[in-house]
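One structure below.
There are 2 protein chains.
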Amino acid sequence: MTTQPVASERQRDAERTKAEILKVAQQEFARHGYAGARVDEIAERMRTTKRMIYYYFGSKERLYIAVLEKAYTEVRAMERTIDVEHLAPVEAIRTLAELTFDHHDLHRDFIKLVAIENVHQAEHIRKSEVLANLGTPVLDVISRILDAGQASGEFVTDADAIDVHMMISSFCFFRVANQHTFGALFGRDMAAPEHRDRLRRMVGEMVVAYLRGQA
Amino acid sequence: MTTQPVASERQRDAERTKAEILKVAQQEFARHGYAGARVDEIAERMRTTKRMIYYYFGSKERLYIAVLEKAYTEVRAMERTIDVEHLAPVEAIRTLAELTFDHHDLHRDFIKLVAIENVHQAEHIRKSEVLANLGTPVLDVISRILDAGQASGEFVTDADAIDVHMMISSFCFFRVANQHTFGALFGRDMAAPEHRDRLRRMVGEMVVAYLRGQA
DNA sequence: CAGCTAACTCACTAGTACGTACATTAGGAG
DNA sequence: CTCCTAATGTACGTACTAGTGAGTTAGCTG
Numbered sequence: 211m212t213t214q215p216v217a218s219e220r221q222r223d224a225e226r227t228k229a230e231i232l233k234v235a236q237q238e239f240a241r242h243g244y245a246g247a248r249v250d251e252i253a254e255r256m257r258t259t260k261r262m263i264y265y266y267f268g269s270k271e272r273l274y275i276a277v278l279e280k281a282y283t284e285v286r287a288m289e290r291t292i293d294v295e296h297l298a299p300v301e302a303i304r305t306l307a308e309l310t311f312d313h314h315d316l317h318r319d320f321i322k323l324v325a326i327e328n329v330h331q332a333e334h335i336r337k338s339e340v341l342a343n344l345g346t347p348v349l350d351v352i353s354r355i356l357d358a359g360q361a362s363g364e365f366v367t368d369a370d371a372i373d374v375h376m377m378i379s380s381f382c383f384f385r386v387a388n389q390h391t392f393g394a395l396f397g398r399d400m401a402a403p404e405h406r407d408r409l410r411r412m413v414g415e416m417v418v419a420y421l422r423g424q425a
Numbered sequence: 211m212t213t214q215p216v217a218s219e220r221q222r223d224a225e226r227t228k229a230e231i232l233k234v235a236q237q238e239f240a241r242h243g244y245a246g247a248r249v250d251e252i253a254e255r256m257r258t259t260k261r262m263i264y265y266y267f268g269s270k271e272r273l274y275i276a277v278l279e280k281a282y283t284e285v286r287a288m289e290r291t292i293d294v295e296h297l298a299p300v301e302a303i304r305t306l307a308e309l310t311f312d313h314h315d316l317h318r319d320f321i322k323l324v325a326i327e328n329v330h331q332a333e334h335i336r337k338s339e340v341l342a343n344l345g346t347p348v349l350d351v352i353s354r355i356l357d358a359g360q361a362s363g364e365f366v367t368d369a370d371a372i373d374v375h376m377m378i379s380s381f382c383f384f385r386v387a388n389q390h391t392f393g394a395l396f397g398r399d400m401a402a403p404e405h406r407d408r409l410r411r412m413v414g415e416m417v418v419a420y421l422r423g424q425a
């Protein structure tokens with residue numbers, strides 16, 4: 211048995227090459243949109259060549275779909291680690307909102323990909339079997355919090371889990387996705403630390419106030 | 211003096227041609243994004259030719275900026291017609307939220323242009339003098355409602371007009387802008403009438419609950 | 001009606017962007 | 001050590017795409 215070089219030293223390594231393509235492609239698509247992204251540009255920013263992109267992914271569109279699949283899969287995996295069910299309903303939903311906020315704050319590229327995919331009416335997502343069968347763990351969490359809150363009487367508003375998720379997401383998504391036009395037109399950088407912290411508290415208070423209803 | 215043909219019958223009419231270019235271009239940019247939009251495609255869908263686009267607008271980018279300017283100007287003009295100040299604070303802010311909701315519902319192309327412009331980090335908006343000096347009338351309206359509500363004691367939360375505007379916009383924007391990925395992943399069409407009506411009430415209740423605070 | 005210019009048409013180009021044919025090599029299997 | 005194949009590199013083709021050069025005409029002005 212000869213000495214095996216460690217993975218990082220191997221000159222030929224399919225997994226490593228594929229992973230690098232996906233990483234660089236994600237940046238490129240997020241920065242320039244689907245049509246604006248350049249396959250040649252992705253290739254130039256890598257150790258490897260454009261030929262490899264086509265060898266592994268076949269086409270620009272399939273590469274883009276692979277990027278979406280990877281991004282969504284990671285996000286869903288992260289969602290599954292959220293644990294707020296040991297908290298009382300009010301604190302649970304507030305914490306969930308704030309974690310969602312943090313999550314959006316940290317995954318700018320993912321937010322952009324979602325925005326881009328919506329420009330294209332989700333046509334690529336619909337082509338992916340992986341994404342079609344990717345559950346949404348966060349909905350179950352919200353459902354249980356809502357049930358607990360209604361049972362204890364703390365939540366008065368009769369809300370649906372998808373709606374509540376949408377309410378939280380919209381706030382967090384908008385702050386990140388629209389920060390540039392918002393900044394240009396209102397002169398306020400929603401991503402700046404001082405605004406970020408206030409808006410983080412705001413999203414939590416917003417959901418709690420909504421669910422508690424008009425006392 | 212010879213008989214004047216009416217504007218619509220004139221074969222040569224700069225204003226009419228420019229207006230048609232802008233209208234078709236808005237659709238094309240909204241549908242395919244900045245990079246995905248095709249100047250030739252815009253030309254083909256018109257009475258006139260591609261050469262005219264360059265004659266009047268000079269470049270694809272300047273055409274795109276002109277489209278943004280027109281869209282934003284129209285939206286701001288519409289905002290100025292909003293009149294809720296004869297209402298009591300709670301009803302005023304609720305109505306404003308619902309009108310904002312309707313407004314987003316009606317101007318899908320505009321929403322998409324905003325999303326697209328954010329993908330490009332608002333670089334085109336920043337190049338436009340028109341847009342830099344376009345006020346935001348809605349902020350004054352919100353300010354006055356907040357002042358009235360705080361004076362009367364109905365609003366407890368110490369909120370800032372820009373934040374409240376952001377809260378309302380985010381909800382309305384997200385429902386329209388992200389309807390495709392949301393629909394694909396959660397199996398719910400937020401644009402369908404039954405959901406639309408519920409979400410419309412929801413945005414109003416959300417702001418009111420937030421401003422009234424935890425009683 | 002003559003002349004002038006803004007409005008318009010047509011044919012074309014230079015460069016770009018996705019994708020591929022073909023040659024080559026690393027490195028594991030036997 | 002040899003062979004075989006997955007992995008990789010090079011160079012190129014085809015189609016598209018923004019933008020333009022140069023000529024033409026509608027229709028207003030005097």
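The listed protein sequences correspond, in order, to chains A and B. Add 210 to the 1-based position in the first sequence for this note's numbering, that's all there is to it. Add 210 to the 1-based position in the second sequence for this note's numbering, that's all there is to it. Each residue gets a CB set at the ideal place from its N, CA and C atoms; glycine is no exception.
Between the C-alpha atoms of residue i and residue j, what's the straight-line distance to the nearest angstrom?
| i | j | result |
| --- | --- | --- |
| E230 (chain B) | A276 (chain B) | 13 Å |
| T367 (chain B) | V340 (chain B) | 35 Å |
| R318 (chain A) | A387 (chain A) | 8 Å |
| A425 (chain B) | G423 (chain A) | For A425 (chain B), the predicted model reports a pLDDT of 46, less than 50, meaning its position is unreliable; a value from the coordinates is still stated below. Cα to Cα, A425 (chain B) sits roughly 9 Å from G423 (chain A). |
| R385 (chain A) | R222 (chain A) | 42 Å |
| V216 (chain B) | L344 (chain B) | Per-residue confidence for V216 (chain B) stands at a pLDDT of 43, beneath the threshold of 50, marking its modelled position as unreliable; no derived number is given. |
| A307 (chain A) | S269 (chain A) | 38 Å |
| A247 (chain B) | D399 (chain B) | 26 Å |
| Q331 (chain B) | I303 (chain B) | 30 Å |
| G414 (chain A) | V285 (chain B) | 30 Å |
| E271 (chain A) | K337 (chain B) | 31 Å |
| G233 (chain B) | A419 (chain A) | According to the sequence displayed, residue 233 (chain B) carries Lys and not Gly. If I take the Cα positions, the gap works out to 42 Å. |
| R408 (chain A) | R226 (chain A) | 41 Å |
| R411 (chain A) | V324 (chain A) | 24 Å |
| A401 (chain B) | A240 (chain B) | 18 Å |
| K260 (chain B) | R220 (chain B) | 20 Å |
| H313 (chain A) | A298 (chain A) | 22 Å |
| H405 (chain A) | D250 (chain A) | 38 Å |
| R257 (chain B) | Y264 (chain A) | 41 Å |
| T305 (chain A) | T305 (chain B) | 30 Å |
| M262 (chain A) | M262 (chain B) | 42 Å |
Here's the rule: buried if 16 or more other CB atoms are within 10 angstroms of the residue's CB, otherwise exposed. What is residue i?
| i | result |
| --- | --- |
| K322 (chain A) | buried |
| E254 (chain A) | exposed |
| E238 (chain A) | buried |
| P403 (chain A) | exposed |
| D357 (chain A) | exposed |
| S380 (chain A) | buried |
| L316 (chain A) | exposed |
| A287 (chain B) | exposed |
| A342 (chain B) | exposed |
| D373 (chain B) | buried |
| A361 (chain B) | exposed |
| G359 (chain B) | buried |
| G393 (chain B) | buried |
| G397 (chain B) | exposed |
| G363 (chain B) | exposed |
Can residue i and residue j be called in contact, C-beta distance under 7 Å?
| i | j | result |
| --- | --- | --- |
| I187 (chain A) | A224 (chain A) | Residue coverage of chain A in this structure runs from 211 to 425, which leaves residue 187 (chain A) outside it and unanswerable. |
| N328 (chain A) | H296 (chain B) | no |
| R417 (chain B) | I355 (chain B) | Residue identity differs from the one stated: residue 417 (chain B) is Val in this sequence, not Arg. Their beta carbons are not under 7 Å apart, which means V417 (chain B) does not touch I355 (chain B) by this criterion. |
| C382 (chain A) | F320 (chain A) | no |
| L309 (chain A) | I326 (chain A) | no |
| S353 (chain B) | A369 (chain B) | no |
| L421 (chain B) | F365 (chain B) | yes |
Less than 8 Å between the CB atoms is what I'm expecting for residue i and residue j, so what's the real figure, rounded?
| i | j | result |
| --- | --- | --- |
| P347 (chain A) | E289 (chain A) | 5 Å |
| H245 (chain A) | H242 (chain B) | Looking at the sequence itself, residue 245 (chain A) is Ala, so the reference to His does not match. Indeed they touch by this definition, with Cβ atoms about 7 Å apart. |
| H375 (chain A) | L395 (chain A) | About 28 Å; that fails the 8 Å criterion. |
| Y266 (chain A) | K228 (chain A) | 5 Å |
| V294 (chain A) | V351 (chain A) | 7 Å |
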